[in-house]
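In terms of this note's numbering, the sequence shown is residues 8 to 287. Every residue, glycine too, gets a C-beta built ideally from N, C-alpha and C. Everything numeric in this text was worked out from a predicted model, so none of it was measured.
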Amino acid sequence: MKTIAVLGTGTMGAGVAQIAAQAGHDVIFWNRREASVEKGMGVIQKGLGRLLKKERISQQDHDSALARVSGSATLEDVKAADLVLEAVPEDAELKRELYERLGAICSEEVVFATNTSSLSITELGRSSGRPTKFVGMHFFNPVPAMKLVEIVRGLETADATAQAVTDLAERLGKVPIPVRDMPGFVVNRVVMPMINEAATALQQGVASAEHIDECMKLGCNHPMGPLALADLVGLDVVWAILDSLYREFGDAHHKPCLEITKRVEAGHLGTKTGRGFYTY
Ligand code: CAA
C-alpha cells in the first residue's frame, strides 16, 4: 500500500493524511472543493510544523512528508491509490454517491476504508459495491496524538481486508483494536453519553461549564473535561453520533440535550468555529 487516497480534508482527513505521509506513504488528499483542499493542506502544514518546533521531526522529515501529499479536487486522481480512506462529512447519501463514482475509478482490488463514527459499516459496504473490500478504520481526534484505531468489520468484510488495514494502522504507529459493527463502536458508545450528561448537568445548573470540566479532570484524571472535548470533536459531530445512538437504541439518555442542539443550530460548533461551550 504505497499510495493512500484520503477523501475529505477536514480535521480527521488532514490528521490521517499527515501521519500517512510521515510513515512514507504517498498521499492523494482530495476534496471536491479546491478551497477546502488548500485549507486542509494548511492544517497538515501546521501539524508538521508543530512537530518540527518541538524537535520531534527533522527539517528534512518535515519537508519530505509535506512533499508526499498532493492535494486534488479531481476524483479521477484517486485512480493511483492502493487504498482509499474516506473521511467526508457524516452524510450517508453523500458517501453513497462518492462510492458510486469511486467504483468506476478504482480497480476492484482497492480497499475502501471509512472513518465514519456514526454510520453502519455493513450498510456503507453494500452501497460501496465491494462489501468484502470495505472496512471501518476509525481514528480519534487529534489524529497525530491519539494511539487508537478501531477496526470495524461489516458483515461481509473479508479477513484479508481487515488484516490489511490492521497492518496499515500499525505501520502508522497506531494501536488497532477490532470492534463489532454496532452503533458508536466502543469509544463513542461510552464517551458520547458522558458528554451528553455533562451538557445536561450544565443545562440543569449543577455547575458552570468550567467547573464541570474541572470536576472530570480532577476527579477522574481525564486529560480534558467533557465539554472541552465536545468542542474539540465538534458539536455537529457529537450531535450526529448521539442522534444515531438514540435512533438505533431508542434509549432516552442518548437524545442530544438542548445545550448541544441549540449550539449546533446557532453554528457554534466548537474550536473549528471559534465558539462552542467555550469561546476560542
Ligand atoms: N494535533 C496534533 N498533535 C496534537 C494536537 C493536535 N491538535 N494536540 C495535542 N497534540 C499532541 C502534542 O503534540 C503532544 O505530543 P508530544 O507529547 O509528542 O509532544 C501531545 O499531543 C500532548 O499535547 P500537549 O502537551 O500540547 O497538550 P495536552 O497534554 O493538553 O494534550 C490532548 C492535548 C492530546 C488533546 C489531550 O488533552 C487529550 O488526550 N484529550 C482527549 C482527546 C480525546 O479524548 N479524543 C478522542 C475524542 S473522540 C473521537 O475523536 C471519536 C469520534 O469519532 C468523534
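Distance cut-off 6 Å: residue i Cβ against heavy atoms of the ligand CAA
i, result
"residue 120", "no"
"residue 203", "no"
"residue 147", "yes"
"residue 5", "Outside the modelled stretch of the chain, which goes from 8 to 287, sits residue 5, for which no answer is possible."
"residue 240", "yes"
"residue 244", "yes"
"residue 65", "no"
"residue 54", "yes"
"residue 185", "no"
"residue 152", "yes"
Span separating the alpha-carbon of residue i from that of residue j
i, j, result
"residue 187", "residue 161", "8 Å"
"residue 79", "residue 225", "45 Å"
"residue 243", "residue 135", "25 Å"
"residue 220", "residue 239", "13 Å"
"residue 38", "residue 61", "30 Å"
"residue 55", "residue 142", "28 Å"
"residue 91", "residue 35", "9 Å"
"residue 15", "residue 203", "27 Å"
"residue 133", "residue 215", "45 Å"
"residue 189", "residue 144", "14 Å"
"residue 138", "residue 217", "45 Å"
"residue 115", "residue 127", "22 Å"
"residue 52", "residue 140", "32 Å"
"residue 19", "residue 152", "12 Å"
"residue 201", "residue 253", "14 Å"
"residue 88", "residue 98", "23 Å"
"residue 44", "residue 12", "13 Å"
Residue i (DSSP reduced to helix, strand or coil)
i, result
"residue 22", "helix"
"residue 97", "coil"
"residue 200", "helix"
"residue 229", "coil"
"residue 12", "strand"
"residue 89", "coil"
"residue 275", "coil"
"residue 157", "strand"
"residue 33", "strand"
"residue 142", "strand"
"residue 49", "helix"
"residue 119", "strand"
"residue 213", "coil"
"residue 81", "coil"
"residue 184", "strand"
Contact with chain C by residue i, beta-carbon distance below 7 Å
i, result
"residue 99", "Considering every chain present, this structure includes no chain C. It has just one protein chain."
Assumed close pair residue i, residue j - CB separation to whole angstroms, cut-off 8 Å
i, j, result
"residue 241", "residue 149", "With a Cβ gap of about 12 Å, residue 241 and residue 149 do not count as contacting."
"residue 76", "residue 24", "6 Å"
"residue 182", "residue 154", "5 Å"
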